[in-house]
Amino acid sequence: MAKITLQDIRHAYGPDPQREEDWALKKLTLELKDGGAYALLGPSGCGKTTLLNLISGLLAPTEGRILFDGTDITDASPEQRNIAQVFQFPVIYDTMTVYSNLAFPLRNRGIGEKEVDARVREIAHMLELDATLMKRASGLTADGKQKISLGRGLVRSDVNVIMFDEPLTVIDPHLKWVLRSKLKELHHRIRRTMIYVTHDQTEALTFAEQVVVMKDGQIVQIGTPIELFERPQHTFVGHFIGSPGMNVLPCEVKGGKAIFAGNHVPAFNAAAYKGNGKTLELGVRPEFVRFAGEGIPVDIVKVADAGRYRIVETRHQAHSIKLLVAEGAELPSGQARLHFDADHTQIYEDGWMVS
Amino acid sequence: MNKTVNQKAWFFVLPVVLLVAFNAIIPLMTVVNFSVQETFGDNMFFWAGVRWFEQVLQSERFHAALGRQILFTAIVLLIEIPLGLAIALTMPRKGPWVSVCLVLMALPLLIPWNVVGAMWNIFALPDIGLLGRLINGLGIEYNYTRQIFSAWFTMVLMDVWHWTSLVVLLCYAGLVSIPDAYYQAAKVDGARPWAVFRYIQLPKLKYVLTIAILLRFMDSFMIYTEAVVLTGGGPGNATTFLSIDLQKIALGQFDLGPAGAMSIIYFLIILFFSWLFYTLMMKDEAR
Numbered sequence: 001m002a003k004i005t006l007q008d009i010r011h012a013y014g015p016d017p018q019r020e021e022d023w024a025l026k027k028l029t030l031e032l033k034d035g036g037a038y039a040l041l042g043p044s045g046c047g048k049t050t051l052l053n054l055i056s057g058l059l060a061p062t063e064g065r066i067l068f069d070g071t072d073i074t075d076a077s078p079e080q081r082n083i084a085q086v087f088q089f090p091v092i093y094d095t096m097t098v099y100s101n102l103a104f105p106l107r108n109r110g111i112g113e114k115e116v117d118a119r120v121r122e123i124a125h126m127l128e129l130d131a132t133l134m135k136r137a138s139g140l141t142a143d144g145k146q147k148i149s150l151g152r153g154l155v156r157s158d159v160n161v162i163m164f165d166e167p168l169t170v171i172d173p174h175l176k177w178v179l180r181s182k183l184k185e186l187h188h189r190i191r192r193t194m195i196y197v198t199h200d201q202t203e204a205l206t207f208a209e210q211v212v213v214m215k216d217g218q219i220v221q222i223g224t225p226i227e228l229f230e231r232p233q234h235t236f237v238g239h240f241i242g243s244p245g246m247n248v249l250p251c252e253v254k255g256g257k258a259i260f261a262g263n264h265v266p267a268f269n270a271a272a273y274k275g276n277g278k279t280l281e282l283g284v285r286p287e288f289v290r291f292a293g294e295g296i297p298v299d300i301v302k303v304a305d306a307g308r309y310r311i312v313e314t315r316h317q318a319h320s321i322k323l324l325v326a327e328g329a330e331l332p333s334g335q336a337r338l339h340f341d342a343d344h345t346q347i348y349e350d351g352w353m354v355s
Numbered sequence: 356m357n358k359t360v361n362q363k364a365w366f367f368v369l370p371v372v373l374l375v376a377f378n379a380i381i382p383l384m385t386v387v388n389f390s391v392q393e394t395f396g397d398n399m400f401f402w403a404g405v406r407w408f409e410q411v412l413q414s415e416r417f418h419a420a421l422g423r424q425i426l427f428t429a430i431v432l433l434i435e436i437p438l439g440l441a442i443a444l445t446m447p448r449k450g451p452w453v454s455v456c457l458v459l460m461a462l463p464l465l466i467p468w469n470v471v472g473a474m475w476n477i478f479a480l481p482d483i484g485l486l487g488r489l490i491n492g493l494g495i496e497y498n499y500t501r502q503i504f505s506a507w508f509t510m511v512l513m514d515v516w517h518w519t520s521l522v523v524l525l526c527y528a529g530l531v532s533i534p535d536a537y538y539q540a541a542k543v544d545g546a547r548p549w550a551v552f553r554y555i556q557l558p559k560l561k562y563v564l565t566i567a568i569l570l571r572f573m574d575s576f577m578i579y580t581e582a583v584v585l586t587g588g589g590p591g592n593a594t595t596f597l598s599i600d601l602q603k604i605a606l607g608q609f610d611l612g613p614a615g616a617m618s619i620i621y622f623l624i625i626l627f628f629s630w631l632f633y634t635l636m637m638k639d640e641a642r
């Protein structure tokens with residue numbers, strides 16, 4: 001168990017990084033608390049797997065230091081760092097039984113058979129693998145194999161951190177739920193630091209206590225799922241998280257008030273704007289937009305039924321604004337007017353939230 | 356489920372049946388034809404039953420050739436498979452040296468077999484050959500045209516030189532297809548290099564190794580050209596393998612009946628061993 005600190009970490013895959021694009025991971029400092037459940041979330045190629053491999057020691061950072069509990073382990077091998085990692089595709093040792101697979105990391109470290117047996121049985125029970133313990137691992141289904149990969153991380157009682165690199169990619173949709181809740185349950189039980197890399201917001205938001213959102217090799221925001229939802233620090237977070245994503249509209253700020261296409265719109269951080277950004281945008285999630293007696297005049301363009309609510313797409317001049325309307329609620333006919341919830345309307349300056 | 360019955364499909368299969376018949380079954384049948392009959396020329400044939408088969412199976416000459424053949428194949432397999440695997444393991448996985456290594460490895464495979472025989476014939480000559488002079492220069496008496504051991508040594512060395520590359524290339528192809536995640540997982544699990552080999556590389560190479568063993572078994576069991584050019588089966592009959600012996604009986608002595616019977620026995624032995632290897636290697640999959 002350990003607190004993980006990344007100090008001024010930077011990484012490039014090429015030998016001689018010159019331009020900004022050469023860096024797969026731009027300079028960042030990050031601290032992960034002991035026992036936390038973290039998710040690294042971002043689109044493909046955003047650097048999240050790079051970051052994960054830097055922590056696990058499969059990659060050495062071009063610059064910066066990595067500390068476990070204050071001890072510098074930048075040059076330590078994955079084995080010395082005592083970490084566990086579950087990969088995108090299940091990695092199992094084909095010729096071994098499930099039991100030997102789980103025992104493998106312990107036996108490699110020269111632990112006595114008695115303790116190995118006790119640990120393996122405990123973990124197999126936790127993962128509901130008891131029945132298949134003596135079977136050949138290669139005969140299991142994808143989710144069974146992924147459980148073995150996970151189990152090999154869990155058997156070692158002293159691992160510093162368990163890392164998951166998009167572990168549900170090859171799992172059938174109906175089993176994803178099962179495995180995901182299993183992971184959550186395991187985390188509650190053993191309270192070990194877990195880092196989960198994914199590009200799927202549902203996986204990240206359901207698993208993690210803290211979500212690290214990444215884009216183009218940079219961390220855009222770190223926060224709880226609720227913070228990411230209610231206060232996206234960057235328009236990217238607003239887009240990427242939520243379905244549909246946040247409405248982002250061009251605006252101006254005059255005298256501490258936001259103006260969108262000639263309409264005054266209350267925004268909670270408009271007063272904080274100092275007036276030096278090139279691009280000003282206003283962000284409001286569809287959840288915080290509603291039809292009202294007065295406000296921005298719009299035409300309804302499209303209504304999509306999403307089960308318990310409907311997604312209504314409206315248009316004001318050339319700008320599209322989406323909102324959610326509860327199932328069964330009346331839609332205004334013809335000209336409608338929209339109201340934005342002032343507490344959840346933010347002003348963004350060059351993409352970043354004004355504060 | 357009902358199967359669709361469509362007799363017209365036979366018309367589509369027929370050309371293939373004919374093709375197979377002409378290139379495999381009919382030539383084989385002429386051998387079967389010789390093996391059960393006796394002929395004194397003039398296209399006159401007399402029924403001989405299984406006499407030739409009995410004669411071949413009881414002949415000491417056949418036993419000796421078969422013994423030499425099995426010994427040769429066993430030695431060659433025991434050297435080439437582990438050596439090929441070892442070379443493949445040490446070859447680089449990326450970088451400019453990959454293509455250099457691959458080309459070097461492929462070279463022996465591109466040389467015609469009779470040329471290989473001729474090359475080694477000259478290379479190993481005790482008076483003018485580089486290898487022959489060198490060994491004799493070291494004070495070891497070496498003459499593959501006179502000494503049985505020297506002849507076998509040269510023969511095995513030639514085959515190893517000629518064919519280990521095939522095993523290397525097959526194993527290399529198998530090795531590079533193992534995903535990185537396996538090696539990373541092994542690192543995380545604290546596996547030693549030996550464990551990585553034993554539990555990741557070897558199991559993943561099972562299929563290519565099966566193919567390598569089968570190919571090398573069949574080829575070495577049928578070795579002819581290189582051996583004829585190198586030693587001609589000598590000294591004495593020391594390197595007269597099955598195919599050389601068969602050729603002597605069929606075309607040297609013109610004993611077509613025994614030669615036909617021997618061909619079929621030869622074929623069945625290869626078939627049996629190939630089946631045996633395949634079954635042993637694939638045994639675990641059935642479980």
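Chains P and B supply the protein sequences, listed in that same order.
FYI, this note's numbering numbers position 69 of the first sequence as 69, with every residue one higher than the one before it.
FYI, this note's numbering numbers position 122 of the second sequence as 477, with every residue one higher than the one before it.
C-beta atoms are modelled at their ideal positions from N, C-alpha and C, and glycine is treated no differently.
Looking only at P447/B, L486/B, G612/B, the smallest Cα-Cα distance to E409/B is reached by G612/B. In this structure, G545/B sits near N108/P, with a CB-CB distance shorter than 8 angstroms. The beta carbon of P61/P sits no closer than 8 angstroms to any beta carbon of chain B. In terms of Cα proximity to Y579/B, the closest of D514/B, P534/B, L635/B is D514/B. Non-local C-beta neighbours of G242/P in its own chain, meaning closer than 7 angstroms and more than five positions away in sequence, comprise F229, R285, ordered along the chain. Scanning its chain for C-beta atoms nearer than 8 angstroms, with the 5 sequence neighbours on each side dropped, one finds around A567/B the residues I436, G439, L521, V522, L525, C526, in chain order.
Interface flag for M134/P against chain B is unset, since no Cβ pair is found closer than 8 angstroms.
CA-to-CA, the gap between T74/P and A2/P works out to about 15 angstroms. Per DSSP, reduced to three states, the secondary structure at R119/P is helical.
Under the Cβ distance rule, S181/P does not count among the residues neighbouring chain B, no pair being separated by less than 8 angstroms. For N247/P, the three-state secondary structure derived from DSSP is strand. Secondary structure at H234/P: strand, using DSSP grouped into helix, strand and coil. In terms of beta-carbon proximity, P451/B stays away from the interface with chain P, with every pair separated by 8 angstroms or more. In terms of Cβ geometry, T345/P and V265/P form a close pair [threshold 8 angstroms]. DSSP, reduced to helix, strand and coil, places D574/B within a helical segment of the structure shown. The Cβ of M246/P sits no closer than 8 angstroms to any Cβ of chain B. The Cβ-Cβ distance between H239/P and Q221/P does not fall below 8 angstroms. In this structure, the beta-carbon distance from F596/B to F377/B does not fall below 8 angstroms. Listed by position along chain B, the residues whose Cβ is nearer than 8 angstroms to that of S77/P are K542. The beta-carbon distance between T169/P and I4/P, rounded to whole angstroms, is 24 angstroms. This is too long to meet the 8 angstroms contact definition. Close to A84/P, with beta-carbon spacing below 8 angstroms, are these residues of chain B in chain order: V543. Boundaries for I219/P: no alpha helix (DSSP H) harbours it, while the beta strand (DSSP E) harbouring it runs 218-223, taken from the DSSP string.
At least one C-beta of chain P is nearer than 8 angstroms to the C-beta of I555/B. For the pair A76/P and R156/P, the CB atoms are not nearer than the 8 angstroms cut-off. For P534/B, the neighbours in chain P by C-beta distance under 9 angstroms run, in chain order, F87, F89, V91. Secondary structure note for L521/B: its alpha helix (DSSP H) is the uninterrupted segment 503-531. Going by DSSP, T345/P is part of the beta strand (DSSP E) stretching over 345-349. Using a CB distance cut-off of 8 angstroms, L58/P counts as an interface residue toward chain B.
Annotated as distal: A137/P and D130/P, with beta-carbon spacing of 8 angstroms or more.
No Cβ of chain P is located within less than 8 angstroms of the beta carbon of P447/B.
For I300/P, the three-state secondary structure derived from DSSP is strand. The stretch 339-353 of chain P makes contact with the stretch 285-298 of chain P; the number of CB pairs closer than 8 angstroms reaches 3 or more. Contact note: R488/B does not reach chain P at a C-beta cutoff of 7 angstroms; the least C-beta distance is about 49 angstroms. For T97/P, not one C-beta of chain B is nearer than 8 angstroms to its own C-beta.
Annotation for S618/B: V386 place their beta carbon closer than 6 angstroms to its own, counting only its chain and skipping 5 residues before and after.
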